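See below for the structure under consideration.
Residue numbers (my numbering), protein chains in the order written: chain A, 2 to 136; chain B, 55 to 460.
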């Protein structure tokens, strides 16, 4: 079994197609939709966590690509600017997945990409613009 | 036996001074006992790195040819207005100043992406800044407009002058209301969804010398990565508040007014800062050395997070409406653990002041002293303390009567 966090970019013509439903029924993938922004006559973007067998995952990606859906890993869209971070911990109490976490012994903040769900709660909370999410 | 500042400086000169940070001294004093530790240790270094709004800098940019009188006119640095109510080419830039066309909170919550504090950070980083001005023109200062790039090295004087920094203890902010609020204590989630604090606790300068036995006018300090001096007590200095048995104020108390040569400072320790929905501020790095002159001073400097209490204050109603009182009392050990319990509810905590950076400042100051680069000063006068009789006043408004026929 594999688990991947990805961002799907839908072209306008696919917005009314049941793409996710196909991933579940035909490729036996467990789909956890973390964020979605799809508006009629525009592009759509989805943040997903996919869980499934490796072969099924690959087949699913092939299907998405044939449909014209662009797939990219979530990590590319989230940036922690370590040089701007002062380790104040302002973000720590709002991050729901502990992607932003603090080592309590020396109060050092760290960012774990694979835990981030791009919810953007940290964006208005960070006084130093250390977090950047392109979604 | 008691020591003097001069004796400690002699040891620094010889490279023999024993210097510990305010964190290191805790275990050292516990192990050796206060008496022995006070004999062995010469200096304890403190540090804090947090947002401090009452900060700013004054400049003299040199005279133009022909001359211009900025005083009484309008002057901007990167579109941030500065205060020009001085002579020809002196002005003051405040940390929270914003461009005239910033939408502020018109689209709520405002972002406050740029302001005076960012200009200070960029100047210290050596960057060119746009200086633009308009003046009314006089016989001796005929010029009326000015547009030029300027950098810190072009200026005659550039001095950081912060009228209130390094607050001795601070509130812990919560939100009792039903909606998110945007404050200078950060974004506060409804129904006490989070609690924000802002102090370096056991490393914080004024919490290590709580009744000002050593800090006063002229105390040499680490300021913004360079060297600065304590000018005196900061504004709102309020030493007469309730204290713990160990002398630690239980509410915001003492403050510092500090100054230092901006040209010697670093953008690492002076950071432009934006609080969503609130405004721009400057995050300042300050470190104060405490000469261990006797056992009493050592005991104060060995303070621990669990001995420092702070009040949990509601920022949805109590704070804005100036209603005194707190919804709970917690200590800094609890705050730094990541959760506190207030009125039976477990609340996640976040800091606004960086403990990691505070430690780095205390460590840097320790190294400066240890390598003979930094000497201690005997203050001209100590800061007013608990016995000063200072009363912190609110503004009593007296409505202005409208004059008939005026």
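Yeah, the Cβ is synthetic: ideal placement off N, Cα and C, and Gly gets one too. Keep in mind that this is a model prediction, so the values were computed, not measured.
- Approximately 4 Å separates the beta-carbon atoms of residue 359 (chain B) and residue 387 (chain B); this is inside 8 Å, confirming the contact.
- Counting along the chain, residue 315 (chain B) sits inside no alpha helix (DSSP H); it lies in the beta strand (DSSP E) bounded by residues 310-315.
- Between residue 369 (chain B) and chain A, the shortest Cβ-Cβ separation is not below 7 Å.
- Just so you know, the alpha carbons of residue 298 (chain B) and residue 99 (chain B) end up roughly 23 Å apart.
- Residue range 409-424 is occupied by the alpha helix (DSSP H) that includes residue 422 (chain B).
- Cβ-Cβ separation between residue 245 (chain B) and residue 195 (chain B): approximately 59 Å, too far for a contact (criterion under 8 Å).
- Around residue 117 (chain A), no beta-carbon contact reaches into chain B at under 7 Å, the shortest distance being about 18 Å.
- When only Cα atoms are considered, residue 13 (chain A) and residue 159 (chain B) end up about 35 Å apart.
- Among the residues facing chain B, residue 57 (chain A) is not included, as its CB has no counterpart in that chain under 7 Å away.
- When the alpha-carbon of residue 396 (chain B) is set against those of B:409, B:405 and B:381, the nearest one is in B:381.
- For residue 81 (chain B), the number of other beta carbons within 10 angstroms of its own is below 16, and it is reported as exposed.
- Per the DSSP secondary-structure output, residue 132 (chain A) pairs in a beta bridge with A:81.
- Of the residues B:368, B:307, B:407 and B:332, the one whose Cα lies closest to the Cα of residue 338 (chain B) is B:407.
- Taking 7 Å as the cut-off between beta carbons, the residues of the stretch 66-88 of chain A near chain B are 87 and 88, in sequence order.
- Annotation: residue 287 (chain B) to residue 125 (chain A) spans about 34 Å, alpha carbon to alpha carbon.
- The beta carbon of residue 144 (chain B) sits closer than 6 Å to those of 114, all from its chain and outside the five residues before and after it, given in chain order.
- According to DSSP, residue 404 (chain B) shares a beta bridge with B:250.
- Under the Cβ distance rule, residue 125 (chain A) counts among the residues neighbouring chain B, one pair being separated by less than 7 Å.
- Inclusion of residue 224 (chain B) and residue 306 (chain B) in the CB contact set at 7 Å is warranted, their separation being smaller than that value.
- Residue pairing by DSSP places residue 433 (chain B) opposite no residue, since no beta bridge is assigned to it.
- At the C-beta level, residue 346 (chain B) and residue 95 (chain B) come within 7 Å of one another.
- Residue state for residue 231 (chain B) is assigned as coil, using DSSP reduced to three classes.
- In the DSSP assignment, residue 6 (chain A) falls outside any alpha helix (DSSP H) and within the unbroken beta strand (DSSP E) covering 3-11.
- If you draw a 10 Å sphere on the C-beta of residue 2 (chain A), you find fewer than 16 other C-beta atoms in it, and that means exposed.
- Interface with chain A (7 Å Cβ-Cβ cutoff): residue 248 (chain B) is included.
- In this structure, B:384 is the residue among B:84, B:384 and B:65 with its C-alpha nearest to the C-alpha of residue 249 (chain B).
- Relative to the Cα of residue 139 (chain B), the nearest Cα in the group B:233, B:127 and B:361 belongs to B:127.
- Under the 10 Å beta carbon count, residue 6 (chain A) is surrounded by 16 or more other beta carbons and is classified as buried.
- Between residue 168 (chain B) and residue 157 (chain B), the beta carbon gap of about 12 Å keeps them out of contact (Cβ cut-off 8 Å).
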